[in-house]
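Residues 1 to 249, numbered by the UniProt record's numbering, are exactly what the sequence shown covers, in order.
Inspection log for the structure reproduced underneath, given as structure tokens.
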Amino acid sequence: MAEWRPRVNNGYRPPSYRSEAGRREITLLVVMGACSILLWGSPYGGYLLYPFSILATWFHEMGHGLAALAFGYDFERLVIFQNGSGYALYTTTDSPSRLSQAMIAGAGLIGPTLAGCLLILASARRAATRSALVILGLVLIGSTLIWVRSMTGWIVLPLLGVASLAIAFKGREQWRRFAVQFLGVQGCISIYRDFGYLFSEGFVRGGQAQLSDTGVISQALFLPYWFWGGLITAMICAMVFWSLRRAHS
Numbered sequence: 001m002a003e004w005r006p007r008v009n010n011g012y013r014p015p016s017y018r019s020e021a022g023r024r025e026i027t028l029l030v031v032m033g034a035c036s037i038l039l040w041g042s043p044y045g046g047y048l049l050y051p052f053s054i055l056a057t058w059f060h061e062m063g064h065g066l067a068a069l070a071f072g073y074d075f076e077r078l079v080i081f082q083n084g085s086g087y088a089l090y091t092t093t094d095s096p097s098r099l100s101q102a103m104i105a106g107a108g109l110i111g112p113t114l115a116g117c118l119l120i121l122a123s124a125r126r127a128a129t130r131s132a133l134v135i136l137g138l139v140l141i142g143s144t145l146i147w148v149r150s151m152t153g154w155i156v157l158p159l160l161g162v163a164s165l166a167i168a169f170k171g172r173e174q175w176r177r178f179a180v181q182f183l184g185v186q187g188c189i190s191i192y193r194d195f196g197y198l199f200s201e202g203f204v205r206g207g208q209a210q211l212s213d214t215g216v217i218s219q220a221l222f223l224p225y226w227f228w229g230g231l232i233t234a235m236i237c238a239m240v241f242w243s244l245r246r247a248h249s
């Protein structure tokens with residue numbers, strides 16, 4: 001199996017996780033994630049992180065929508081409300097199977113972490129860092145044109161996409177690397193913007209009771225919702241740990 005190794009004379013070399021610089025960088029990423037979670041839970045933190053709250057919802061709902069497409073269903077629209085909540089609507093002519101329901105629900109929980117881990121891994125290579133920012137920017141703008149059907153999404157998501165493209169082409173190498181890592185962290189922790197959601201069976205929206213994603217998985221595959229919440233948490237932790245270690249190896 002081929003393994004990429006940075007040249008000594010090609011500029012930036014990511015610090016190893018065994019080195020002091022590597023440990024400092026990993027610590028900084030963990031601190032950024034913890035601070036974001038704490039700010040989301042504070043009275044005014046949501047205002048400070050508002051664009052990234054919308055980004056977190058986009059990560060989550062795109063996970064649902066893309067999983068629905070993978071099963072051959074129609075991803076009809078993605079709606080993001082002003083308060084940061086949202087939903088992805090998909091339709092099918094047949095009744096969805098239990099497996100597809102569980103996988104689509106789980107994709108909204110695991111998908112954002114997968115995207116975040118890929119961004120963190122991309123920060124290990126200069127060319128990949130720029131490419132990751134370009135791809136993210138284009139996907140943000142493209143998904144807005146194709147699926148987004150809400151004013152909040154129409155305003156915030158293209159702005160984030162343009163900012164990502166601007167950093168990719170105009171930003172310094174250090175800023176590109178920091179941006180990719182920061183956005184990667186936001187993807188990894190996006191599910192914990194509302195930690196209780198992961199360990200709840202359902203919620204009320206518009207006066208109607210609805211199942212949470214773990215509630216849908218529980219209903220489709222049996223076992224209680226808190227079991228799936230714990231399993232998904234363990235998977236997220238393992239994915240983040242592996243990506244951080246791999247990016248600094």
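By construction, the Cβ of each residue, glycine as well, lies at the ideal position given by its N, Cα and C atoms.
- Within its own chain, the residues whose Cβ lies closer than 7 Å to the Cβ of Ala220, once the five positions on either side in sequence are excluded, are Arg98, Gln101 and Ala102, listed in chain order.
- In the structure shown, Thr113 falls within a helical segment according to DSSP collapsed to helix, strand and coil.
- For Gln208, the three-state secondary structure derived from DSSP is strand.
- Taking a 10 Å sphere around the C-beta of Leu38, we find fewer than 16 other C-beta atoms and assign the residue as exposed.
- Rounded to the nearest whole angstrom, the C-alpha separation of Val134 and Ala166 is 9 Å.
- Beta-bridge analysis with DSSP links Arg24 to no other residue.
- Taking all protein chains shown into account, Thr57 has 16 or more neighbouring C-beta atoms within 10 Å of its C-beta and is therefore buried.
- Taken atom to atom, the span from the alpha-carbon of Gly41 to that of Arg193 is near 8 Å.
- Under the three-state reduction of DSSP output, Tyr192 falls in the helix class.
- Three or more pairs of CB atoms, one per stretch, sit closer than 8 Å, so the region 109-122 contacts the region 61-68.
- With the rule of 3 Cβ pairs closer than 8 Å, the region 69-81 counts as touching the region 140-151.
- Taking 7 Å as the cut-off, the Cβ atoms of Val180 and Ser123 count as close.
- Ile54 and Gly153 have their C-alpha atoms some 8 Å from each other.
- Residue pairing of Asp213 in beta bridges, as defined by DSSP: absent, with no partner found.
- Taking 4 residues as the shortest admissible run, the region 15-88 contains the following complete alpha helix (DSSP H) segments, listed from N- to C-terminal end: 20-41, 45-48 and 50-70.
- Spanning the alpha carbons of Asp94 and Ala34 requires a straight line of approximately 42 Å.
- The beta carbon of Ser190 sits closer than 7 Å to those of Ala56, Phe59, His60 and Pro112, all from its chain and outside the five residues before and after it, given in chain order.
- Boundaries for Leu223: no alpha helix (DSSP H) harbours it, and the DSSP string shows neither H nor E there.
- Scanning the region 105-182 from its first residue to its last, the whole alpha helix (DSSP H) runs of 4-plus residues come out as 126-146 and 151-170.
- Within the DSSP secondary-structure output, Gly202 pairs in a beta bridge with Leu211.
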